[in-house]
Structures are given as structure tokens and as C-alpha cells.
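S.K.: Mapping of the sequence shown onto mature numbering (1 follows the signal peptide of the UniProt record, and there is no 0): residues -21 to -1, 1 to 411, in sequence order.
Glycine residues also receive a C-beta, built at the ideal position from the N, C-alpha and C atoms.
Below is one structure. I have some questions about it.
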Amino acid sequence: MNLVLELLCTFCALMAVCVAGQDFYYDERGKTYVIDPYGNRRYSGSETRYTPPPRPDRPKEEILNFAINLFRNVENQGARENYVVAPLSPQILLSFLANECSGDTKKQIVDATEYNNSKELEKLLNKMQGDGTKRELKIGNAFFVNSKLQNSLKNSFDVVINKKPRNKRPIDGFAVDFNDIRGTKKTYNEWVNNQTHGALKDVQSDFDQNTELLLASTVYFRGQWLFTFNSTQTSDFNLSPNETVQVDTMRIRKKFHSGTFDNIKARWAAIPYNSTESMIVVMPKDGETLDNVIEKMTGYDIKDIVDVVIGYPTLNFVNITLPKFKLKTTVQLTEPLKKMGINDLFTQKSTLKVYDNGPTMKIGSALQQSFLEVDENGSVGASTTTFSAIALTVQPETKHTDFIVNQPFAVFIVDRRYAVPYFMAKIYDPRK
């Protein structure tokens, strides 16, 4: 009863500006507001306009830089292909592996990720998952080790695999028999299926009898749009200057943040979810290609967009036409990570040490499978990444505008508070 009274006291002033049945939302400061018919935030009392909140403690921009670099290096330049990458997963695994390496192997990981604090990253992930907003976000991590060697693991792995009381890390541990390929795949797939709420099933895995350690990380996101799009319509989509196809699109006219990258000849629009996330849509302009736009983008470009969305008070009417799409891709991360400077971890030069009395190990493969679906209601995204080890200048627009996505484009699903990307995708053909 006391809780009910407290809630009534909290919301009574706000009710004066609410329409019956209207939903409450929380801004980055934790204050309640409603959305008026024009897309404006309306607060209780005299606070009727959005004011830029103090930014939360963000991780360093290096997380964004790593994400963009990985996205760029995964891309097959000029290929007429769709793909989606979840950069958080490999960064989580690499930040942990860096602590288990030494010398050049560790230096290469730290230089490439520009971020070497796995505990700080874990704290950030816990904050992101436990904020109580109206969306589902689940980030999972797991180790699968050779059951014959589980009693000789280094302490950092031992407390997880053998489930010792002092383990306070958000990591699952499994001791498996890698000679039993079918049984190990079953255990791995059950874990992934549970972590992604069934979005990823029968996941491709890359391990064999020589595998001694499998590290896995998953990201699952389900978000509803703050404003619902109109029903599906068919529109032209230009695969190239000489090839046009018909695709299913969704449309909306509301006040959104949008703008241009003058330095890379691209336009962007930020579409908010009913949570602390937004989907940033980027498409080329002035005859530029999507490959060139992605090649020129940096983590600071995404951060600048997030800063505009959080701190820029003017929202403009934007007519958005966006193709619906569903992507499921499998990406080998070994070569992209090598391009980013992480070489020794995959060779005989590796200094990765997992077992106290066992051999030094190298990573045999790094594989990521991702799923992303965007429609009128919102988005569902899921990804799993596995590392298999074997022995040894943004300008906001200030006028009403049209943002018609009728050519290859990229999307970035980002947590606005922390400027952390969950998914990055290149969509060449929305029909595939």
C-alpha cells in the first residue's frame, strides 16, 4: 500500500498533462515524461521542454572505434551482399583473453581493441541490461573446456568452470568432451538457444577433437519503436544506377533527429525505440557508394550522432521510408581481426595460457553468427561469437525533410546513454 501511495505521489503532477491511457517514459536522468502528438517530450510542472541531461559515465570511445573497425574489415568491399555484425561479442572475448596473454600477443589485442579492462566492461554490460527499460537485452558469455583438463585450469577459468563460490563474474562454464562432437554441439546449441530466446537455432560451430577451449558470447536485443510505422507498402529500391527492384517498405512521419556527414557524403536519421536505444540509418548521397561511406566512418561519427540525439533540443518532421529486412549471416572473424593487428593469437607465437600445467594455446577460429529483423513493430537481433582454441562531423538538419531509403544502406543499433553499438548491418538487397 505504501508503494502505491508513493507512486501516486510521484506521478500526480504529471497526470495533469497526460491524456488518459498514455504511456510514461523515462529519460536519461530518470525523470518521467510523455510524448505529445508531435513527438515532443512533455514533463510534469514547468519542465515542458527537453533539456540536455548530464551524460552518464560512458566507456571510452575506443569501444566504438573497435566496433567500426571490425565492421569495416568484415565487409567484402564491393560485394553485393548483406551482412550483420555484433561487435560487442568479440570485444568481450578479446578483453578477457588479453588478461590471459603476455608479450606481443597481449599488446596486439590491447592495441586493436584499445580497451583492456574486462571487469569495467562487465560492469557496463550489467548496467545496460539492468536498467528496467521497455526492451529485452541479454548478453551472455560462456567457456567450454576439455573435461579431462578442468582440474588444471588457471584460476580465472577455474572459478567459472568448477563453479566455485568466489566466482562473481557473469560467465557460464561447461566442461565438455570435445571427442564427442555431437554431444558438445548439443550443449553449445542449447546454451545459445536459451541466451537468444530461440532466435538462433542449430548454430554453426567450428570445433573438433583438437579443440581444448571454446569461448562463446551472445547478444540478444528486442525493441519496439517509440512510434509505430504505417503498414507495409511496396516501393522502388535501387540496387545500382541500372537496377531497380520492388521491396516492402514501412513509412512514418514524425519529429526525428536527422542530419548529414559532410565529410563522408552521407545522410543519417535516428529512429528511437521505446527504450534507451535508437537505430541509426546511414545512406550515401551525391552519387557516393555505401562501401566508401563505411570505409570513411569512424567511431567518433557514431558518437557525434548520439550526442546530437541526446543534447540537441530541436526535433524536425521527417518523412521516413525504410525497407523491412531480415538478415542472418555467418562471419569468420579471424582474417578481419588479423587486419586489425591481432596476429600472434592465431599463430604459433601465441602466449595464451589457460592451464597451469598445460601447453600454450592459440585461437584456431573466430566465428560469429548473427540475426537481425526490422519491421513495423521494431527489431529483433541475436548474435553468437565463438573463439575456438587449440593447443598452442555531424551536422543536424534544421528543416522538415524526406528520408527515403531507396538504395543500399547501413544501420547501427546503439545504446544512446553509453554510445555502445549492439548491431551493425549493411543492407544491399532488403529482399534477401
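Which stretch, first to last residue, makes up the alpha helix (DSSP H) that contains V171?
M.R.: In the sequence shown, the residue the question calls residue 171 occupies position 192. Residues I160 to Q174.
S.K.: Would you call the CB atoms of A178 and F350 closer than 7 Å?
M.R.: Locating residue 178 in the sequence shown gives position 199, where the first residue counts as 1. Locating residue 350 in the sequence shown gives position 371, where the first residue counts as 1. Their beta carbons are under 7 Å apart, which means A178 touches F350 by this criterion.
S.K.: Please state whether DSSP places D181 in a helix, a strand or coil.
M.R.: As a working note, residue 181 is residue 202 in the sequence shown. Coil at D181, not helix or strand.
S.K.: For F350, report the span of its alpha helix (DSSP H) as first-last.
M.R.: Looking up residue 350 in the sequence shown gives position 371. Unbroken run through F350 is the beta strand (DSSP E), M340 to V353; no alpha helix (DSSP H).
S.K.: Keeping to the same chain, check which residues put their C-beta closer than 6 Å to that of T309; ignore five residues upstream and five downstream.
M.R.: Numbered from its first residue, the sequence shown carries residue 309 at position 330. Only Q183 and Q348 meet the Cβ criterion.
S.K.: Which partner residues of Q327 appear in the DSSP bridge assignment?
M.R.: The residue you call residue 327 lines up with position 348 of the sequence shown. Its beta-bridge partners do not exist; DSSP assigns none.
S.K.: Report yes if the CB atom of L218 is closer than 7 Å to the CB atom of F366, and no otherwise.
M.R.: Along the sequence shown, read from residue 1 onward, the residue named residue 218 stands at position 239. Along the sequence shown, read from residue 1 onward, the residue named residue 366 stands at position 387. Not closer than 7 Å, so no.
S.K.: In the DSSP assignment, the beta strand (DSSP E) including Y397 goes from what residue to what residue?
M.R.: By 1-based counting over the sequence shown, the position of residue 397 is 418. Looking at the DSSP string, Y397 is not in any beta strand (DSSP E), and its letter there is neither H nor E.
S.K.: Closest to G337 by CA distance: which of E222, S81, L128 and D83 is it?
M.R.: Along the sequence shown, read from residue 1 onward, the residue named residue 337 stands at position 358. Cα-wise, what sits closest to G337 is L128.
S.K.: Taking buried to mean at least 16 other C-beta atoms within 10 Å of its own C-beta, is I209 buried or exposed?
M.R.: Stepping through the sequence shown from its first residue, residue 209 is reached at position 230. For the sequence presented, residue 209 should be read as Asn rather than Ile. By the neighbour-count rule (16 or more Cβ atoms within 10 Å), N209 is not buried but exposed.
S.K.: Which of the three DSSP states is assigned to P409 in this structure?
M.R.: Here residue 409 refers to the residue found at position 430 when the sequence shown is read from its first residue. In this structure, P409 counts as coil in the three-state DSSP scheme.
S.K.: Taking K113 as part of the alpha helix (DSSP H), name the residues at either end of that continuous run.
M.R.: Position 134 of the sequence shown, counted from the start, is the residue given in the question as residue 113. Note, K113: premise wrong, no alpha helix (DSSP H); not H, not E.
S.K.: For Q212, which residues of its own chain have a beta-carbon under 6 Å away from its beta-carbon, when the five flanking residues on both sides are left out?
M.R.: The residue you call residue 212 lines up with position 233 of the sequence shown. Cβ within range, chain order: T228.
S.K.: To the nearest angstrom, how far is the alpha carbon of R410 from that of T268?
M.R.: In the sequence shown, counting from the first residue as 1, residue 410 sits at position 431. In the sequence shown, counting from the first residue as 1, residue 268 sits at position 289. Using only the alpha carbons, I get a separation of about 20 Å.
S.K.: For E222, list the residues DSSP reports as bridge partners.
M.R.: Along the sequence shown, one-based indexing puts residue 222 at 243. DSSP lists S219 as partners of E222.
S.K.: Would you decide whether G82 is buried or exposed? Buried here means 16 or more other CB atoms lie within 10 Å of its CB.
M.R.: Within the sequence shown, residue 82 is the residue found at index 103, counting from 1. By the neighbour-count rule (16 or more Cβ atoms within 10 Å), G82 is not buried but exposed.
S.K.: Starting from the Cα of S237, find the closest Cα among E222, S257, Q327 and T223 and give me that residue.
M.R.: Start at 1 with the first residue of the sequence shown, and residue 237 comes out as number 258. With distances taken between Cα atoms, S237 lies closest to S257.
S.K.: With a cut-off of 8 Å on the beta carbons, I'd call Y62 and K405 a contact; round off their distance for me.
M.R.: Start at 1 with the first residue of the sequence shown, and residue 62 comes out as number 83. Start at 1 with the first residue of the sequence shown, and residue 405 comes out as number 426. Between K405 and Y62 the Cβ distance is about 6 Å, and since that is below 8 Å, they are a contact.
S.K.: Give the secondary structure of N44 by DSSP, where H, G and I count as helix, E and B as strand, and everything else as coil.
M.R.: Mapped onto the sequence shown, residue 44 falls at position 65. Note: N44 maps to helix in three-state DSSP.
S.K.: Looking at W204 and G320, is the spacing between their C-beta atoms short of 7 Å?
M.R.: Along the sequence shown, one-based indexing puts residue 320 at 341. Along the sequence shown, one-based indexing puts residue 204 at 225. Cβ distance not < 7 Å, so G320 and W204 don't count as in contact.
S.K.: Counting Cβ pairs, one atom from each stretch, are 3 or more of them under 8 Å apart for the segment 385 to 405 and the segment 262 to 282?
M.R.: Because the criterion of three Cβ pairs below 8 Å is met, the segment 385 to 405 and the segment 262 to 282 touch.
S.K.: DSSP three-state label for A65, please.
M.R.: Here the question's residue 65 lines up with position 86 in the sequence shown. Correct three-state label for A65: coil.
S.K.: Could you tell me the alpha carbon to alpha carbon distance between S344 and I369, rounded to whole angstroms?
M.R.: By one-based count along the sequence shown, residue 344 stands at place 365. By one-based count along the sequence shown, residue 369 stands at place 390. Near 9 Å, if we compare the C-alpha coordinates of I369 and S344.
S.K.: Using a threshold of 7 Å, state whether the C-beta atoms of S196 and I71 are closer than that.
M.R.: In the sequence shown, residue 196 corresponds to position 217, counting from 1. In the sequence shown, residue 71 corresponds to position 92, counting from 1. In contact: S196 and I71 (Cβ atoms closer than 7 Å).
S.K.: Less than 7 Å between the beta carbons of A46 and P69, yes or no?
M.R.: As a first step, residue 46 must be located in the sequence shown, where it is residue number 67. As a first step, residue 69 must be located in the sequence shown, where it is residue number 90. No, these two residues do not count as a Cβ contact at 7 Å.
S.K.: Check the C-beta distance from D394 over to T255 and give it rounded, since I have them as a contact under 8 Å.
M.R.: In the sequence shown, the residue the question calls residue 394 occupies position 415. In the sequence shown, the residue the question calls residue 255 occupies position 276. With a Cβ gap of about 6 Å, D394 and T255 count as contacting.
S.K.: Restricting to Cα atoms, I'd like to know which of W247, I118, V124 and I42 is closest to D90.
M.R.: Walking along the sequence shown from the start, residue 90 turns up at place 111. Looking at the Cα atoms, I42 is the closest of the given residues.
S.K.: Counting only the same chain and skipping the five closest in sequence on each side, list residues whose C-beta sits under 7 Å from that of E93.
M.R.: The residue you call residue 93 lines up with position 114 of the sequence shown. Taken in chain order, the residues that qualify are E41, N44 and F45.
S.K.: Which residues does DSSP list as the beta-bridge partners of F388?
M.R.: Translated into the one-based positions of the sequence shown, residue 388 becomes position 409. Answer is I406, bridged to F388.
S.K.: Would DSSP call M107 helix, strand or coil?
M.R.: Along the sequence shown, one-based indexing puts residue 107 at 128. It is helical.
S.K.: So, using beta-carbon positions, are V64 and R201 closer together than 7 Å?
M.R.: Position 85 of the sequence shown, counted from the start, is the residue given in the question as residue 64. Position 222 of the sequence shown, counted from the start, is the residue given in the question as residue 201. No, the pair does not count as a contact, with Cβ atoms beyond the cut-off.
S.K.: Let's see if you can read the secondary structure: which residues bound the beta strand (DSSP E) around L194?
M.R.: The residue given as residue 194 occupies position 215 in the sequence shown. Per DSSP, L194 belongs to the beta strand (DSSP E) from T190 to Q203.
S.K.: Assign V53 to one of two classes, buried (16 or more other C-beta atoms within 10 Å of its C-beta) or exposed (fewer than that).
M.R.: Here residue 53 refers to the residue found at position 74 of the sequence shown. Answer is buried; the Cβ neighbour count reaches 16.
S.K.: Can you give me the C-alpha to C-alpha distance between T313 and T326, rounded to a whole angstrom?
M.R.: Sequence index remark: in the sequence shown, residue 313 carries index 334 (1-based). Sequence index remark: in the sequence shown, residue 326 carries index 347 (1-based). Rounded to the nearest angstrom, the two C-alpha atoms are 11 Å apart.
S.K.: Compute the Euclidean distance between the alpha carbons of E191 and L100, then round it to the nearest angstrom.
M.R.: Here residue 191 refers to the residue found at position 212 of the sequence shown. Here residue 100 refers to the residue found at position 121 of the sequence shown. Rounded to whole angstroms, E191 to L100 spans 26 Å at the Cα level.
S.K.: If I follow the unbroken alpha helix (DSSP H) through L316, where does it start and stop?
M.R.: Within the sequence shown, numbered from 1, the residue matching residue 316 stands at position 337. Segment T313 to K318, the alpha helix (DSSP H) holding L316.
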